[in-house]
Amino acid sequence: MRFLIVLRESRMPQFLMGRCFAALLIFPLISLPSPVIAGAGGEPRRELTCEDILELDRVGSPSQLDRDQAIVLGESYDQGKCVPQDYGRAFTLYSRAVEFGPSIVGLRLGYFYLNGLGVDRDEQKARYWFRSEALATYFNDDRFSDGMLELMSFGTSVPEMLREEVTRAHEIYNGPPEGLMAVYRDLSTGNGVYPHPKNALIWLSKAGSQAHPEALYEIARRHLTGEGYLKSDSAYVATLDRAAHLNFAKAQKELGAYYLRASEDSYGWYRALVWLLRAQKNGIDVAAQILAAEKRLSSLDIEAAHERAADFNFKQ
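Its first residue numbered 23, the sequence shown is counted upward by one per residue in my numbering.
Pasting the structure below:
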């Protein structure tokens, strides 16, 4: 088994020419005589020998291994390379690896559960891992994803259960925004799947591209905080405005509060009042903010704002 551990994503190697296992950070290179591993501190990569594998094994507790080490040692026990084959030990090491985030070893855990390798057979847990990885990574119908599914089974056929979950992920990803948002929430919180907050944003962005109001509101909030999106006040306001125009009450309240807080002239306060009135019509209690906005406006401006807010299809 030949691996190259890399520190960042690169172009896909020619792995489809061979049958071998890989993680998201590990890709097989058929031409290499043995595994190589990137040295710490930027030092040149070196070949990983059986002696290196045994040195990792002497660490003892998997909790002391980093992600790459756990994957390499887990694969060694999985395939009986340099150490006796031991599915139980491989399962423990793969479990350690996924603590750092989802990767293809999650598929291997599902495979172990499905076939009772190193752990009691449990179809529910197998589906949990297959679904988690399908939604986090394998939702696109492409050669790379198909190849990685083949790799995880070391040359045996890809389990039908995994095929089902990948197909399901494809359908949701290419479906309506409500389904995209459901996956976003599940991956963000770990509801029924292994949490993957970073990849959850892929689903959020696609829902936002389909003008889903809640998605736009969530994206706006992330522009404000810089969580997963560029921190930008202008992007925050622009995206919040899109959600508000789609009649999303939370966005209307927040946009009104923003204009009330940030404006220094009557036009800004007028816009604040319009959005706050729309939020109120949608059932949100913003009485205090409405009063604050009205105190800054003339009676004519207040009347105009109420008329504007009453128009469902208003545009500013």
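Positions of the beta carbon are idealized from the N, C-alpha and C atoms, including for glycine.
Small disclaimer: the values here were computed from a predicted structure and weren't measured.
The C-beta distance from alanine 257 to glutamine 274 rounds to 18 Å, too long to meet the 8 Å contact threshold. CA-to-CA, the gap between leucine 299 and glutamate 249 works out to about 30 Å.
Taking 9 Å as the cut-off, the Cβ atoms of aspartate 208 and leucine 131 do not count as close. Here DSSP, grouped into helix, strand and coil, assigns serine 227 to helix. By the criterion of a C-beta distance shorter than 6 Å, glycine 96 is surrounded in its chain by Ala112, Leu115, Tyr116, once the five residues flanking it on both sides are discounted.
Remark: C-beta atoms of leucine 262 and leucine 226 do not approach each other more closely than 9 Å.
DSSP places arginine 80 in the coil class of the three-state scheme, outside both helix and strand. In the DSSP assignment, leucine 268 falls outside any alpha helix (DSSP H), carrying neither H nor E.
In this structure, DSSP gives leucine 184 a helical state, which the three-state scheme calls helix. Between alanine 229 and tyrosine 206, the beta carbon gap of about 7 Å places them in contact (Cβ cut-off 8 Å).
If you draw a straight line from the Cα of leucine 238 to the Cα of alanine 265, it is about 6 Å long. Excluding the 5 residues flanking it on each side, isoleucine 241 has same chain C-beta neighbours closer than 8 Å at Leu226, Ser227, Gly230, Tyr251, Thr261, in chain order. Judged by beta-carbon spacing, tyrosine 160 lies within the 9 Å limit of valine 188, meaning their Cβ atoms are closer than that value.
The Cβ atoms of glycine 138 and arginine 89 do not sit closer than 9 Å to each other.
In this structure, phenylalanine 134 keeps its C-beta atom at 9 Å or more from the C-beta atom of methionine 183. Annotation for valine 308: no alpha helix (DSSP H) segment contains it, and DSSP assigns it neither H nor E. Annotated as proximal: serine 288 and leucine 319, with beta-carbon spacing under 9 Å. In the structure shown, lysine 253 falls within a coil segment according to DSSP collapsed to helix, strand and coil. Judged by DSSP in its simplified three-state form, proline 219 adopts helix.
If the five residues before and after asparagine 162 are omitted, its C-beta is found closer than 6 Å to no C-beta atom of its own chain.
With a threshold of 16 other beta carbon atoms within 10 Å, serine 125 meets it and is buried. Non-local C-beta neighbours of glutamate 316 in its own chain, meaning closer than 6 Å and more than five positions away in sequence, comprise Ile324, ordered along the chain.
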